[in-house]
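Have a look at the structure below before the remarks.
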Amino acid sequence: MTETIQRDSMQYDVVIVGAGPSGLSAAIKLKQLAEKAGREISVCVVEKGSEVGAHILSGAVIDPKSLTELLPDWKEQGAPLTRSVTEDKVLFLTAQKAHKLITPPSFQNHGNYIISLGQLTRWLAEQAESLGVEIYPGFAASEILYHEDGSVKGIATGDMGIGKDGQPTANYQPGMELWAQQTIFSEGCRGSLTKQVIKRFALDRDSQPQTYGIGIKEIWEVPEAQCKPGLVIHTIGWPLDNQTYGGSFIYHLDNNQVAVGFVVGLDYQNPYLSPFEELQRFKTHPEIRKTFEGGRRIAYGARALSEGGLQSLPKLSFKGGVLAGDCAGFLNVPRIKGIHTAMKSGMLAAEAVFGVLGESVEIESGKEASGLNELFKQSWLYRELYEVRNIRPSFRYGLWPAMIYTALEQYVFKGKAPWTLPHHGSDHSSLRKAAACHPIDYPKPDNVLTFDRLSSVFLANLSHEENQPVHLKLANFQLALDVNKADYASPETRYCPAAVYEIVEAEGKLALQINAQNCVHCKTCDIKDPTQNITWVCPEGGSGPNYGAM
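Residue 339 in full-length UniProt numbering sits at position 339 of the sequence shown; the count goes up by one each step and never skips.
Here it is as structure tokens:
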């Protein structure tokens with residue numbers, strides 16, 4: 001239908017997909033480089049969230065290293081980094097006890113800040129716009145455009161006003177084509193267009209499969225006596241078993257607020273595991289519940305994160321564009337920090353891209369900014385990821401062997417071990433059959449400390465136009481019953497943190513029901529589905545969560 005409609009187009013020197021920390025850092029750096037060279041370049045950023053920061057979710061403790069490099073006067077300019085870390089704690093939990101551990105180097109946060117990543121991205125957007133960057137929130141990049149020679153030409157934003165039947169409604173507006181000399185993909189973890197680019201250009205030919213985690217986060221208002229601004233706590237152990245990678249964070253903010261989150265590696269094996277329920281169960285621990293008793297939960301969200309590190313990084317450049325940020329996978333897993341690494345990757349992308357820009361935006365073939373790969377290898381970002389490359393894959397051997405090995409890496413080898421450990425393989429193939437696993441008995445929510453998923457999703461401030469096509473595409477609906485239910489006890493009904501997937505009975509038959517309006521855009525289903533039958537695509541621009549200060 002839309003192929004018959006002529007879309008308007010605009011030309012830029014650089015189009016950036018995603019207004020996260022990497023994309024905005026790239027935009028700022030491009031303008032800085034152009035000013036230094038005495039050139040004028042046009043830079044456009046498209047963001048699928050209703051506003052910059054709407055879809056941003058992170059812990060978040062930031063190492064200000066990249067921010068200082070990009071904008072040395074960030075303090076004077078009023079960057080929202082005001083709560084410095086005052087104390088670190090690492091706890092090992094059993095079902096009833098909390099044992100304080102020596103804080104390893106990766107968890108030491110002296111000089112770092114507890115922030116809202118949403119607030120930081122909005123501030124970065126202001127800095128970018130002041131330099132002349134055009135930012136368009138509420139426009140989802142839904143299609144990659146190509147030149148005749150196969151190089152990337154730019155992107156097209158999604159059509160607006162398409163009904164569930166795939167036909168235009170009275171509110172129909174065709175998308176717009178944004179052409180560019182270079183397109184920077186910085187969509188965040190498991191970007192829908194990034195997946196296509198990696199496959200088309202075989203960018204992962206020489207890298208290991210990416211591995212992921214899901215992070216689920218809540219923000220609480222607690223009694224003043226229970227909030228210690230600047231305190232950072234991380235835990236390992238209970239409630240996860242020794243074969244499942246994961247842990248928690250508790251960050252004490254200002255204004256009697258506490259952020260609590262739980263991360264579970266998506267290479268977990270038991271199909272009965274529910275990451276959402278693990279967070280709820282975690283809060284019931286005798287040592288943990290002390291912080292939250294008498295408080296109230298005010299925000300909720302979830303997001304997948306790329307955990308593969310150096311081994312899983314794809315090639316970063318291709319004809320007409322580059323990758324930056326978490327869509328490539330720059331997270332420093334042992335530090336649980338990806339903001340400074342994402343920002344640096346965006347800055348490196350800008351340097352490489354700027355070097356191949358011609359004087360005219362009108363081109364017939366996209367050049368490759370191949371220098372990015374070498375820029376990365378010569379940067380502190382590469383050295384940082386290289387030093388920690390073996391820690392995440394060591395957890396494939398279980399918690400205790402991994403803890404021993406991590407201690408050796410951090411205190412003895414210090415990142416210089418003469419080997420590189422491989423990852424386990426793909427996350428979707430790690431699930432065991434339900435018959436070989438034990439169901440997990442999760443307690444019912446008390447609606448005081450623990451909650452169900454539907455009441456949680458309400459706090460994500462979701463907004464989806466109901467009359468639009470479902471953005472969770474199943475290649476074969478019957479597989480949901482013949483394989484997922486029969487062999488794996490329908491794991492999608494548990495790994496989704498937003499109750500999107502339900503097995504329902506209709507006319508005497510079972511069927512999978514997709515409640516797409518609940519989706520918080522975490523991408524977990526796209527990653528973990530055992531048959532890779534589910535594909536997440538961008539819904540109408542502006543849809544999804546509005547996380548505010550998350």
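No residue lacks a Cβ here, since even glycine has one placed at the ideal position from N, Cα and C.
Going along the chain, which unbroken runs of the beta strand (DSSP E) with 3 or more residues stay wholly within the stretch 24–78? 43–47
What is the C-beta distance between Asn424 and Thr211, in whole angstroms, given that I count them as a contact (C-beta under 8 Å)? Sequence index remark: in the sequence shown, residue 424 carries index 424 (1-based). Sequence index remark: in the sequence shown, residue 211 carries index 211 (1-based). The displayed chain sequence assigns His, not Asn, to residue 424. So it is a contact: roughly 7 Å between Cβ atoms.
Would you check if the stretch 275–284 and the stretch 181–188 touch, i.e. whether three or more CB-CB distances between them fall below 8 Å? no
Hey, how far is the Cα of Tyr272 from the Cα of Ala435? Walking along the sequence shown from the start, residue 272 turns up at place 272. Walking along the sequence shown from the start, residue 435 turns up at place 435. Using only the alpha carbons, I get a separation of about 11 Å.
Nearest to Gln517 by alpha carbon, out of Val457, Asp526, Tyr547? The residue labelled residue 517 in the question sits at position 517 within the sequence shown. Considering only alpha carbons, the answer is Val457.
Segment limits, alpha helix (DSSP H) that includes Arg296: Taking the sequence shown and counting its residues from 1, the one referred to as residue 296 is at position 296. That residue, Arg296, is in no alpha helix (DSSP H); its beta strand (DSSP E) goes 296–306.
Less than 9 Å between the C-beta atoms of Asp88 and Val232, yes or no? Residue numbering aside, residue 88 sits at position 88 when the sequence shown is read from its first letter. Residue numbering aside, residue 232 sits at position 232 when the sequence shown is read from its first letter. Yes, the Cβ-Cβ distance between Asp88 and Val232 is below 9 Å.
Which runs of the alpha helix (DSSP H) fall wholly inside the stretch 347–421 and span at least 4 residues, in chain order? 371–377, 380–387, 391–394, 399–408
On the CB-based measure, 16 or more other CB atoms within 10 Å of its CB, does Gln119 come out buried or exposed? On the sequence shown, position 119 is the one that residue 119 refers to. Buried, since its Cβ has 16 or more Cβ neighbours within 10 Å.
Drop a sphere of 10 angstroms on the beta-carbon of Ile16, count the other beta-carbons inside from all chains shown, and report buried for 16 or more, exposed for fewer. For the purposes of this step, residue 16 is taken as the residue at position 16 of the sequence shown. So Ile16 counts as buried.
Where does Val141 sit, in a helix, a strand or coil, going by DSSP? As a working note, residue 141 is residue 141 in the sequence shown. Contrary to the premise, residue 141 reads as Ala rather than Val in this sequence. It is a strand residue.
So, Leu385 versus Gln181, is the Cβ gap smaller than 9 Å? For the purposes of this step, residue 385 is taken as residue 385 along the sequence shown, with counting starting at 1. For the purposes of this step, residue 181 is taken as residue 181 along the sequence shown, with counting starting at 1. Not a contact, by the Cβ cut-off of 9 Å.
Per-residue burial, Arg494 [other beta carbons within 10 Å of its own, 16 or more giving buried]: The count along the sequence shown starts at 1 and reaches residue 494 at position 494. Buried, since its Cβ has 16 or more Cβ neighbours within 10 Å.
Cα-Cα separation between Glu134 and Gly191, rounded to whole angstroms: Numbered from its first residue, the sequence shown carries residue 134 at position 134. Numbered from its first residue, the sequence shown carries residue 191 at position 191. In a straight line, the C-alpha of Glu134 is about 21 Å away from that of Gly191.
Using the DSSP secondary-structure output, state which residues sit across from Pro445 in a beta bridge. Translated into the one-based positions of the sequence shown, residue 445 becomes position 445. According to DSSP, which records beta bridges pairwise, Pro445 is partnered with nothing at all.
Hey, Ser66 and Lys344 are a contact pair by Cβ (cut 8 Å); roughly how many whole angstroms apart? Position 66 of the sequence shown, counting from 1, holds the residue named residue 66. Position 344 of the sequence shown, counting from 1, holds the residue named residue 344. Going by Cβ atoms, the distance from Ser66 to Lys344 rounds to 5 Å, so yes, they are a contact pair.
Check whether the stretch 144–158 and the stretch 307–321 touch, using three or more Cβ-Cβ pairs below 8 Å as the test. yes
With a threshold of 7 Å on Cβ separation, who are the neighbours of Pro229 within its own chain once the five nearest residues in sequence on each side are excluded? As a working note, residue 229 is residue 229 in the sequence shown. For Pro229, where only same-chain residues beyond five positions count, the Cβ hits under 7 Å are Arg83, His252, Leu253, Asp254.
Touching by the beta-carbon criterion (3+ pairs, under 8 Å), the stretch 117–131 and the stretch 162–172: no
Okay, do the stretch 44–61 and the stretch 335–350 touch, 3+ Cβ pairs below 8 Å being the bar? yes
Considering only residues of the same chain and omitting the five flanking positions on each side of Lys31, which have a CB-CB separation below 8 Å? Taking the first residue of the sequence shown as 1, we reach residue 31 at position 31. The answer, listed in chain order, is Ile41, Val43, Ala128, Leu131, Gly132, Val133.
For Thr94, count the other beta carbons within 10 Å of its own beta carbon; 16 or more makes it buried, fewer makes it exposed. Which is it? If you number the sequence shown from 1, residue 94 lands on position 94. So Thr94 counts as exposed.
Check whether the stretch 505–522 and the stretch 99–114 touch, using three or more Cβ-Cβ pairs below 8 Å as the test. no
Give me the DSSP bridge partner(s) of Asp88. Stepping through the sequence shown from its first residue, residue 88 is reached at position 88. Its beta-bridge partners are Val232.
Roughly how many whole angstroms lie between the Cα atoms of Ser274 and Leu459? The residue given as residue 274 occupies position 274 in the sequence shown. The residue given as residue 459 occupies position 459 in the sequence shown. The alpha-carbon atoms of Ser274 and Leu459 are separated by roughly 19 Å.
How would you call Asn109, buried or exposed, if buried means at least 16 neighbouring beta carbons within 10 angstroms? To locate residue 109, count along the sequence shown from 1; it is residue 109. Classification for Asn109: buried.
Could you check how far apart the C-beta atoms of Ala302 and Ile404 are, in whole angstroms? I think they sit under 8 Å. On the sequence shown, residue 302 is found 302 positions in, with the first residue counted as 1. On the sequence shown, residue 404 is found 404 positions in, with the first residue counted as 1. With 8 Å as the limit, Ala302 and Ile404 do not qualify as a contact, their Cβ atoms being about 31 Å apart.
Out of Ala54, Asp446, Asn373, Gly246, which one is the CA nearest neighbour of Ala350? As a position in the sequence shown, residue 350 is number 350, starting the count at 1. Measuring from the Cα of Ala350, the nearest candidate turns out to be Asn373.
Glu3 to Tyr136 span [Cα, whole Å]: In the sequence shown, the residue the question calls residue 3 occupies position 3. In the sequence shown, the residue the question calls residue 136 occupies position 136. Unreliable positioning characterises Glu3 in this predicted model, as indicated by a pLDDT of 47, which lies under 50. The coordinate reading is nonetheless provided below. Rounded to whole angstroms, Glu3 to Tyr136 spans 24 Å at the Cα level.
State the start and end residues of the unbroken alpha helix (DSSP H) segment that holds Asp526. As a position in the sequence shown, residue 526 is number 526, starting the count at 1. Run containing Asp526: 524–528, per the alpha helix (DSSP H) assignment.
For Gly154, which of helix, strand or coil comes out of DSSP? Within the sequence shown, numbered from 1, the residue matching residue 154 stands at position 154. Three-state DSSP puts Gly154 in a strand.
Please state if the CB of Arg392 and the CB of Gln269 are separated by a distance shorter than 9 Å. Walking along the sequence shown from the start, residue 269 turns up at place 269. Walking along the sequence shown from the start, residue 392 turns up at place 392. Their beta carbons are not under 9 Å apart, which means Gln269 does not touch Arg392 by this criterion.
Give the DSSP bridge partners of Leu512, in chain order. Taking the sequence shown and counting its residues from 1, one reaches residue 512 at position 512. Paired residue(s): Ile503.
Given that a residue counts as buried once 16 or more other Cβ atoms are within 10 Å of its Cβ, and exposed if not, what is Asn242? As a working mapping, residue 242 is identified with position 242 in the sequence shown. Exposed: under 16 other Cβ atoms inside 10 Å.
Enclosing alpha helix (DSSP H) for Thr535 [first to last residue]: For this step, residue 535 is matched to residue 535 along the sequence shown. Where Thr535 is concerned, there is no enclosing alpha helix (DSSP H), although the beta strand (DSSP E) it sits in stretches over 534–536.
What three-state label does DSSP hand Asn332 in the structure shown? Position 332 of the sequence shown holds residue 332. Three-state DSSP puts Asn332 in a strand.
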